[in-house]
Structures are given as C-alpha cells and as structure tokens.
Amino acid sequence: MREDKRTIRCAVYTRKSTEEGLEQEFKSLDAQREACVAYIASQRHEGWVLAPGHYDDGGFSGGNMQRPGLVRLMADIEAGKVDTIVVYKVDRLTRNLADFAKIVDVLDAKEASFVSITQSFNTTTSMGRLTLNVLLSFAQFEREVTGERIRDKIAASKKKGLWMGGPVPLGYIVQERRLVVQEEEAELVRHIMRRYLALHSVKELVGELDAEERVTKIQKMTSGPHRGGVRFGRGTLFHLLRNRIYLGEIIHKGTSYPGEHDAIVPVDLWNDVQAKLDGRDRCRNALRQPKENSLLASKLHDADGRNMVPSHASKGGKRYRYYVTRHDLVDANRPAWRVGAHGIETIVADRIAQMMLDQSHLHALVLDS
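Numbering that gives the first Met the number 0 numbers the first residue of the sequence shown as 0 and each following residue consecutively.
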C-alpha cells in the first residue's frame with residue numbers, strides 16, 4: 000500500500016531592486032510569482048502545496064535583510080507555518096553570503112529548506128550547499144562591482160561639475176538633469192544671506208522668516224509624499240549659508256569643483272557671510288569649556304538603586320560637576336540624589352588603588368575570572 004506523502008507548505012518569495020515598473024498591471028514580481036506557483040503545482044505529487052500569503056519586496060535591495068516581505072516570511076518559518084521557500088533565482092532571496100548563512104541557520108533549526116526554480120540544487124546535501132555558496136559568491140561580487148562602478152561614475156561626473164541628483168537646492172530647478180536658476184527662489188536665497196549679515200543671528204533670522212511665512216523648498220518625490228514646504232529651522236539655514244553650490248560649484252567628498260550651473264550669490268556677499276559665520280564659530284570655540292570625562296558614567300547608582308548621570312552647574316565663572324539621579328526615575332516619594340563628581344570619583348579611585356595593592360584580593364579576582 001502506498002504511503003501518503005507529507006504535505007510541504009511552500010511560500011513564494013519575490014523581490015525587485017528598483018521601483019521602476021511596479022505601477023504596471025503585470026510586473027516583474029507577478030512574473031516571478033507566476034513561475035514559482037506553476038513549479039509548486041508541478042510538484043503536487045511530492046506533497047507540495049502553496050502556502051497562503053504573499054511575500055513580495057518591490058524596490059528593496061538584496062544586500063540586507065531589512066525587507067518587509069522577507070521579515071514576515073522568516074517570522075512565519077519560525078512559527079512553523081512554512082516548510083519550503085520557493086524563489087525564481089537565489090539572488091532574489093539574498094545577494095549576501097553572511098545573510099544567507101543566517102537564513103540557512105533558521106531553515107535548519109525548523110527543518111525547512113528552499114528551492115530556486117531556475118537553479119537546480121538541494122540545500123540538504125553538502126554538494127548542494129557548495130553550489131549555492133558559489134552562486135551567492137558571484138551574486139555578491141556582482142553587487143559590489145556594480146556599487147563600485149556607480150560610485151566611480153558619480154565621482155567622475157561631479158568632478159566635471161555635473162549635478163548627480165538628490166534634494167534640489169532652494170533657488171534651482173532640474174531640467175534635463177541640470178540645475179537651472181529659479182529666479183524667485185534665488186532672490187530668497189540672497190535675501191536670507193543679506194538678512195543674516197544684518198541680524199548677526201540665525202535664531203533671529205528664523206523668527207523673521209517665520210513671521211514672513213517663508214518656507215523651505217518643496218521636494219517633489221517620484222513616489223510617496225512630497226517633502227519640504229515647512230518653516231526654516233536653524234540647521235536648514237546654517238546648511239544654506241554654507242552651501243557652495245550657490246557659488247556655482249559642485250562638492251564631492253569635501254572638494255569643490257566648478258559646476259555647470261550658474262551661481263546665485265555674488266562672491267562678495269558669499270565672502271561676507273562666511274567671514275561672519277567663521278567669526279561666530281571662533282567665539283563659540285573660545286567660550287566652550289574643555290570636555291571633562293565622567294569616570295563613573297553608567298556605573299553609579301543612588302541609595303534606591305536608580306541610575307545616576309553626569310551633570311554640571313556654573314557659578315562665578317566656574318564649572319562644577321555632579322552625578323544626579325536620572326530625572327525620569329524621580330518622583331515625589333523618592334527625590335533625586337546629587338553628589339559632587341570630584342569627591343565620589345576620588346573615593347572610588349582610592350579604593351581601586353587599595354585593592355590593587357592587596358595581593359590576596361588580586362589573587363581571588365584572578366581565580367574568580
């Protein structure tokens with residue numbers, strides 16, 4: 000009498016690196032899934048059945064594991080809901096050997112496996128794993144070489160002064176992959192720089208722009224909600240005031256190159272703004288107190304067992320360091336503790352020195368370790 004074969008629940012996983020074409024009615028993910036479903040149907044005599052649920056990752060790289068579809072798939076394997084992963088090609092699952100090893104560990108722990116319908120191998124045999132490792136090595140090599148080529152192309156293009164994408168700076172629009180001056184926005188950039196020179200303060204400039212209802216540039220995204228169109232913050236303004244793109248330059252890894260776009264800001268205005276910013280930085284650095292190490296940070300607790308964190312206070316031009324109970328652990332029934340940093344650090348250092356001179360204590364520590 001023929002034995003009934005064990006039912007093997009098969010989950011189809013699909014992935015596409017870019018979002019291009021995902022809006023089409025029949026896309027690459029659909030083609031991958033259709034082929035995998037047909038393969039599962041052809042193995043029905045072996046007990047294969049299609050598991051419910053879709054595990055699709057459109058627009059995600061195979062170079063990491065942080066993909067929504069893959070995360071759900073691995074969770075279902077851990078929960079014992081899936082016996083076999085079915086993919087069109089192994090590089091749809093991962094292009095990274097280290098990530099593959101993690102996946103295999105989970106599969107082995109749950110006595111599960113996976114199948115690539117276009118590459119014949121069996122992960123339950125040593126030869127099959129060797130074949131798979133070779134395939135993944137080439138997939139990872141291809142990904143790394145492609146990344147190097149892209150980085151080299153970006154570097155070479157920027158050195159020629161070409162715009163290589165990213166958030167479009169205020170004052171420009173992109174036409175045929177080139178930055179073109181948008182005069183209304185360009186005048187706002189010059190206005191911001193002139194007002195900074197007049198006000199001597201970015202904080203006051205933020206308030207003035209807010210009162211004038213000025214907002215940042217709206218960045219139109221090809222997918223997802225648009226960004227920008229919000230009030231100027233201090234960080235945004237500091238970046239704008241230092242951005243050499245307004246001199247008609249392109250920056251790559253800290254080096255400036257003549258750009259193919261037109262400058263927005265006159266050189267004399269730019270130089271005046273930079274001199275003002277540099278003077279501000281020198282004053283802040285001169286006033287900044289040298290940083291002192293808190294030797295007992297993350298090590299000290301108060302009498303109630305609560306963490307104590309470094310703090311300080313200034314009086315008469317002097318800076319006094321303390322350790323205080325972490326504020327989120329304080330309530331009306333258990334007020335905060337505060338202890339002078341120098342005093343408690345000296346006590347602890349002296350005690351450690353005494354212990355280091357105690358040979359019997361050192362011997363006991365060595366034995367315990």
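Think of the CB as a built atom: it goes at the ideal place given N, C-alpha and C, for glycine as much as any other residue. Bear in mind that the values here come from a model prediction, so they are computed numbers and not experimental data.
Counterpart residues of Pro265 in DSSP-defined beta bridges: The residue labelled residue 265 in the question sits at position 266 within the sequence shown. In the DSSP output, where bridge partners are listed per residue, Pro265 has none listed.
Count the C-beta pairs between the stretch 100-116 and the stretch 48-55 that are closer than 8 Å, then say yes if the count reaches three, no if not. no
Runs of beta strand (DSSP E) lying entirely within the stretch 96-158, each at least 3 residues, in chain order: 112-115
Cβ atoms of Arg189 and Val264: under 8 Å apart, would you say? As a working note, residue 264 is residue 265 in the sequence shown. As a working note, residue 189 is residue 190 in the sequence shown. Contact: yes.
Can you check whether the CB of Arg320 is closer than 8 Å to the CB of His300? As a first step, residue 300 must be located in the sequence shown, where it is residue number 301. As a first step, residue 320 must be located in the sequence shown, where it is residue number 321. Cβ distance not < 8 Å, so His300 and Arg320 don't count as in contact.
Going by other Cβ atoms of all chains shown within 10 Å of its Cβ, with 16 needed for buried, is Met192 buried or exposed? If you number the sequence shown from 1, residue 192 lands on position 193. Its Cβ being crowded by 16 or more others within 10 Å, Met192 is buried.
Under three-state DSSP, which class holds Leu385? Missing from the structure shown is residue 385; the chain here goes from 0 to 368 and no further.
Should Pro168 go down as buried or exposed, given a rule of 16 or more other Cβ atoms within 10 Å for buried? What you label residue 168 is simply residue 169 of the sequence shown in a count that begins at 1. Under this definition Pro168 is a buried residue.
Spatial neighbours of Arg369 within its chain, please: CB distance less than 6 Å, with the 5 preceding and 5 following residues excluded, ordered by chain position. One cannot answer for residue 369 here, as it falls past the ends of the chain, which runs 0 to 368.
Could you have a look at Leu49 and say whether DSSP puts it in helix, strand or coil? For the purposes of this step, residue 49 is taken as the residue at position 50 of the sequence shown. Strand.
Could you name the residues that DSSP lists as bridge partners for Asn306? What you label residue 306 is simply residue 307 of the sequence shown in a count that begins at 1. Answer is His300.
Measure the alpha-carbon distance for Phe231 versus Glu184 and round it to whole angstroms. In the sequence shown, counting from the first residue as 1, residue 231 sits at position 232. In the sequence shown, counting from the first residue as 1, residue 184 sits at position 185. Approximately 14 Å between the Cα atoms of the pair.
Looking only at C-alpha atoms, which of Gly316, Ser313, Ala312, Met307 sits nearest to Val323? Here the question's residue 323 lines up with position 324 in the sequence shown. Residue Met307 is the option with its Cα nearest to Val323.
Considering Cα atoms alone, identify which of Glu33, Leu196, Val81 is closest to Ile7. Numbered from its first residue, the sequence shown carries residue 7 at position 8. Nearest C-alpha to Ile7: Val81.
Are the Cβ atoms of Phe113 and Thr93 separated by less than 8 Å? As a working note, residue 113 is residue 114 in the sequence shown. As a working note, residue 93 is residue 94 in the sequence shown. No, these two residues do not count as a Cβ contact at 8 Å.
C-beta atoms of Asp90 and Gly61 nearer than 8 Å: Translated into positions along the sequence shown, residue 90 becomes position 91. Translated into positions along the sequence shown, residue 61 becomes position 62. It is a contact, given that the beta carbons lie within the stated cut-off.
Could you have a look at Thr345 and say whether DSSP puts it in helix, strand or coil? Start at 1 with the first residue of the sequence shown, and residue 345 comes out as number 346. The answer is helix: DSSP assigns Thr345 an H, G or I state.
With 16 other CB atoms within 10 Å as the buried threshold, where does Lys216 fall? Numbered from its first residue, the sequence shown carries residue 216 at position 217. That one is buried.
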